Amino acid sequence: MGGPASSSSEEEDANWKAAIESIAATTTFANKVLSSTSNGSTSRSAPTTEAYAENTQDSRKLKHYQIKAQKCLDIILERTLEMVRDPIPVSDNDRDANDVGVRLFKHSPAGIVFDHLDKIQGPKKRPRILPGHGIDEKSKKFRHQIQSIAVDGADIISEARDAEQKSLAQLEAKEAKAKAKAKKEEERVVELKRIRGERWLPSIARELQVPSKKMKTIIKVWAINELESST
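Here you go:
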């Protein structure tokens with residue numbers, strides 16, 4: 000009973016050990032290839048089949064599919080990765096021209112782009128400065144310019160007095176016109192009194208339009224006088 004079980008477990012252990020050794024051999028082969036490319040080899044081409052054959056003897060005879068897969072991986076690594084000892088200097092002119100911020104890899108898009116600074120733009124054309132003319136203080140043009148902007152206190156006072164006299168004259172004319180109109184109205188009332196008698200009261204004609212207590216008493220008195228005179 001114990002013989003078959005022990006033999007099957009030993010076979011599984013042997014298969015597991017063989018798989019681990021194949022993986023270890025593959026990783027040691029990759030490390031050897033990468034170390035050979037980084038230690039001063041100037042040619043960037045992929046390893047040849049002879050190098051693979053030599054390495055396979057040390058790696059306990061890898062299988063064909065493992066060698067083929069390793070070769071593909073090495074070619075991909077050679078094409079995508081670039082092993083350098085010192086960083087590649089990047090000039091400021093290229094950075095300004097390409098508008099690059101911070102790039103983590105060579106062929107990667109810009110991850111961190113710095114804000115653009117507004118540069119002060121100077122004049123594109125040279126200003127044309129014409130020579131100025133001299134000032135002649137005795138010329139008529141200069142005197143005319145000075146008179147157009149100068150202010151004299153005496154002229155201002157005289158203009159103010161003229162305006163005052165003009166306004167006073169207008170006020171006096173208005174008052175004289177009102178007095179003449181009032182005098183004319185008085186003369187008309189006197190003439191009406193002479194023609195119609197004292198019973199007609201033109202002086203209270205305005206009060207007749209707005210009835211009040213005073214107006215009512217006046218009307219009553221006037222009515223009583225009319226009745227007495229008629230009787």
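Quick note: the sequence shown uses numbering that gives the first Met the number 0, first residue 0, plus one each step. In this text, a Cβ means the ideal position worked out from N, Cα and C, and glycines have one as well. Note that the structure is predicted; figures quoted are calculated from it, not measured.
Taking all protein chains shown into account, do 16 or more other C-beta atoms lie within 10 angstroms of the C-beta of residue i, making it buried, or fewer, making it exposed?
{"i": "I145", "result": "exposed"}
{"i": "I75", "result": "exposed"}
{"i": "Q164", "result": "exposed"}
{"i": "L61", "result": "buried"}
{"i": "I155", "result": "exposed"}
{"i": "I66", "result": "buried"}
{"i": "S40", "result": "Residue confidence for S40 is low, a pLDDT of 45 falling below 50, so the modelled location carries little weight; the figure read from the coordinates is stated next. S40 is exposed by the Cβ-count criterion."}
{"i": "Q69", "result": "buried"}
Taking the alpha helix (DSSP H) that residue i belongs to, which residues open and close that run?
{"i": "R78", "result": "H63 to T79"}
{"i": "S138", "result": "Counting along the chain, S138 falls outside any alpha helix (DSSP H), and DSSP gives it neither H nor E."}
In its own chain, which residues sit with a C-beta less than 6 angstroms from the C-beta of residue i, not counting the 5 before and 5 after it?
{"i": "A29", "result": "Note that A29 has pLDDT 48, beneath the 50 cutoff, so the model's placement of it is unreliable and no number is given."}
{"i": "R193", "result": "none"}
{"i": "N224", "result": "none"}
{"i": "K215", "result": "none"}
Below 8 angstroms CB to CB, which residues in the same chain sit around residue i once its five sequence neighbours on both sides are set aside?
{"i": "A149", "result": "none"}
{"i": "K123", "result": "none"}
{"i": "A222", "result": "none"}
Closer than 7 angstroms by C-beta to residue i: which residues in its own chain qualify, once you throw out the five before and the five after it? Chain order, please.
{"i": "E227", "result": "none"}
{"i": "A177", "result": "none"}
{"i": "A96", "result": "In this prediction, A96 has a pLDDT of 47, which is less than 50 and means its spatial position is unreliable; what the coordinates show is noted afterwards. Around A96: no qualifying Cβ."}
With a floor of 3 residues, list each beta strand (DSSP E) that falls wholly inside the segment 155 to 204, ordered by position along the chain. none
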